[in-house]
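Enquirer: Per the working numbering, residue 13 is the first one in the sequence shown, and the count goes up by one each step.
Beta carbons: idealized from backbone N, C-alpha and C, even for Gly.
Before anything else, here's the structure in question.
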Amino acid sequence: MPELPEVETIRRTLVKHVKDLKIEEITLIWPAAVVGWEDKTFEGLVTGRRIQTIERRGKYLLIMLDEDLTLIAHMRMTGRLNYFAEKKEPEKHTHVVFRLEHGELHFSDTRKFGRIQAIPTPLCICKSSLQKLGPEPLGEGFTPAVLKERFGKKKVFLKAALLDQTVLAGMGNIYVDESLFLAGLSPDRRVDTLSEEEIVKLHHAIQKVLQAGIDARGTSFRDYRDANGEKGLFEQALQVYGRGGRSCKVCGQTLERIRLAGRTTVFCSRCQR
Ligand SMILES: [Zn+2]
13 MPELPEVETI RRTLVKHVKD LKIEEITLIW PAAVVGWEDK TFEGLVTGRR
63 IQTIERRGKY LLIMLDEDLT LIAHMRMTGR LNYFAEKKEP EKHTHVVFRL
113 EHGELHFSDT RKFGRIQAIP TPLCICKSSL QKLGPEPLGE GFTPAVLKER
163 FGKKKVFLKA ALLDQTVLAG MGNIYVDESL FLAGLSPDRR VDTLSEEEIV
213 KLHHAIQKVL QAGIDARGTS FRDYRDANGE KGLFEQALQV YGRGGRSCKV
263 CGQTLERIRL AGRTTVFCSR CQR
């Protein structure tokens with residue numbers, strides 16, 4: 013599933029192509045990819061509007077259109093938004109085609125979990141899935157004190173707390189495992205046992221890992237590609253994710269692979285306490 017660094021990379025690659033372009037026509041090949049409106053209403057609402065910019069909140073992309081309409085795109089497992097400079101035949105899993113003044117934007121998804129929602133911009137935050145999201149981990153206001161406050165009095169495992177989008181927006185399995193490794197914290201530590209010093213380490217690790225992910229243009233473990241169809245390079249930098257049973261790059265001990273918070277979790281029991 014694309015996480016914050018992948019969605020941010022899609023945003024950056026996409027906005028360069030589509031900013032200020034008008035949406036001239038929409039084709040809903042698999043209408044269920046669009047939620048909240050009847051097909052014809054959606055087409056009528058969106059056609060003729062200009063894309064002002066693209067923002068990101070957590071793992072959601074916000075395609076801001078003129079006249080106060082926003083398209084919220086959630087890629088879920090395998091969703092993709094690709095820009096093509098020339099007219100292109102939809103592929104097997106292309107569900108929505110936006111024909112723009114110049115080029116086309118294709119929303120495709122092999123697993124069909126990804127969704128696009130059109131919502132009036134003023135309601136964007138309060139009437140959508142964005143409402144309950146926790147803070148942006150790379151946002152200016154995110155400090156160790158905020159992280160501590162978000163954990164509150166929870167008695168859950170670190171792994172579960174960091175996957176919880178209402179605690180912190182944007183992290184998934186890859187970047188949670190990587191952040192915990194860098195912070196030297198075991199994923200099965202309960203959040204209420206962390207010292208001040210450990211919170212500071214974790215805060216630093218989260219920001220460092222997410223920024224490194226963005227700098228490498230994301231991790232292409234399975235289907236992820238940016239808006240130009242290119243893979244990210246962060247896979248080479250992974251310390252633990254996807255490396256269960258192999259040796260720790262720091263101490264050489266075999267990495268553990270366990271099931272935690274419903275997800276495969278890889279960690280080093282020597283480096284992480
Ligand atoms: Zn180790």
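If I follow the unbroken alpha helix (DSSP H) through Ala195, where does it start and stop?
Expert: Your numbering for residue 195 matches position 183 in the sequence shown. Residues 185 to 195.
Enquirer: For Leu117 and Leu245, I'd like the C-alpha separation in whole angstroms.
Expert: Along the sequence shown, one-based indexing puts residue 117 at 105. Along the sequence shown, one-based indexing puts residue 245 at 233. C-alpha separation (whole angstroms): 24 Å.
Enquirer: For my contact list, Ile84 and Ile131 are in at a C-beta cut-off of 8 Å; report their separation, rounded to the angstrom.
Expert: Translated into positions along the sequence shown, residue 84 becomes position 72. Translated into positions along the sequence shown, residue 131 becomes position 119. Between Ile131 and Ile84 the Cβ distance is about 6 Å, and since that is below 8 Å, they are a contact.
Enquirer: Out of Ala224, Cys138, Ser120, which has the shortest C-alpha to C-alpha gap to Glu247?
Expert: Counting from 1 along the sequence shown, the entry for residue 247 is found at position 235. Among Ala224, Cys138, Ser120, the Cα nearest to that of Glu247 is on Ala224.
Enquirer: Kindly indicate which three-state DSSP category Arg23 falls into: helix, strand or coil?
Expert: Position 11 of the sequence shown, counted from the start, is the residue given in the question as residue 23. Correct three-state label for Arg23: helix.
Enquirer: Quick one: does the C-beta of Arg282 sit closer than 7 Å to a heavy atom of ligand 1?
Expert: Translated into the one-based positions of the sequence shown, residue 282 becomes position 270. Within the cutoff, so yes.
Enquirer: Leaving out five residues before and five after Lys71 in sequence, what residues of the same chain have Cβ atoms less than 8 Å from its Cβ?
Expert: Locating residue 71 in the sequence shown gives position 59, where the first residue counts as 1. Closer than 8 Å at the Cβ level, and outside the excluded window around Lys71, lie Met13, Pro14, Glu15, Leu16, Val19, His86, Met87, Gln177, Ala181, Gly182, Gly184.
Enquirer: By the DSSP assignment, the alpha helix (DSSP H) with Ala85 in it spans what residues?
Expert: Within the sequence shown, residue 85 is the residue found at index 73, counting from 1. From DSSP, Ala85 is part of no alpha helix (DSSP H) but of the beta strand (DSSP E) over 81 to 86.
Enquirer: In chain order, what residues of the same chain have a beta carbon less than 8 Å from the beta carbon of Thr65, not counting five sequence neighbours either side?
Expert: Position 53 of the sequence shown, counted from the first residue, corresponds to residue 65. Cβ within range, chain order: Val27, Lys31, Met76.
Enquirer: Looking at the structure shown, is Ser2 part of a helix, part of a strand, or coil, going by DSSP?
Expert: This structure gives no information on residue 2, because the portion of the chain shown stretches from 13 to 285.
Enquirer: Rounded to a whole number of angstroms, what is the C-alpha to C-alpha distance between Pro102 and Val109?
Expert: Taking the first residue of the sequence shown as position 1, residue 102 is located at position 90. Taking the first residue of the sequence shown as position 1, residue 109 is located at position 97. So the two alpha carbons sit approximately 8 Å from each other.
Enquirer: Count the other C-beta atoms from every protein chain shown that fall within 10 angstroms of the C-beta of Val170, then say buried if there are 16 or more, exposed otherwise.
Expert: Locating residue 170 in the sequence shown gives position 158, counting from the first residue. Correcting the residue identity first, residue 170 is Leu in this sequence and not Val. Answer is buried; the Cβ neighbour count reaches 16.
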